[in-house]
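Going by the numbering used here, the letters in the sequence shown line up with residues 797 to 905, in that order.
All remarks here apply to the structure that follows.
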Amino acid sequence: MSERIVKLNKLIKQHLGEIFQRELSLKPGLFLTIAKVDTTPDIRYTRVSISVFPYKESDYALKTLNKEIYTIQGALNKKLAMRPLPRIEFILDSTEEEADKIEKILKEV
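Below, the structure is given as structure tokens:
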């Protein structure tokens, strides 16, 4: 991965965090974390992995993000002074849930 893509991923992660705080209204007690940002080498697409706490609310969080995708994309485009502007896609990061499952299995043994 090129240095430019690495810097862009960090910048997108930072800007999306700010956008989530200012422009997203989620249920009280729901926390979103941007786990990972992957941008394609041609800078056309960015896949954003989201971790949700509590995990059982992950479907609600993903639906809300996808419902607000145009607002989020527009706010991100205003902050990024570049062309082309990557199109964002949100996916769930299930690392936390899988770690909990493994921990429960290990406790049973």
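Ideal placement from N, C-alpha and C gives every residue a C-beta, glycine not left out.
- Residue environment for ILE898: exposed (fewer than 16 other C-beta atoms within 10 angstroms of its C-beta).
- Contact annotation, ARG879 with ARG840: C-beta distance approximately 11 Å; criterion of less than 8 Å not satisfied.
- ILE808 and VAL833 do touch by the CB rule: their CB atoms are close to 5 Å apart, below 8 Å.
- Taking the Cβ atoms as the reference, LEU804 lies roughly 12 Å from LEU872, outside the contact range of under 8 Å.
- The three-state secondary structure of ARG818, taken from DSSP, is helix.
- Among the bridge pairs identified by DSSP, ARG883 is matched with TYR841.
- A Cβ-Cβ distance of about 24 Å is found for the pair LEU881 and ALA857, leaving them out of contact under the 8 Å criterion.
- Counting every other CB atom within 10 Å of its CB across the protein chains shown gives THR835 a total of 16 or more, marking it as buried.
- The Cβ atoms of GLU885 and ARG843 sit closer than 8 Å to each other.
- If you compare the alpha carbons of ILE846, LYS852, TYR851 with that of LEU861, the shortest gap goes to ILE846.
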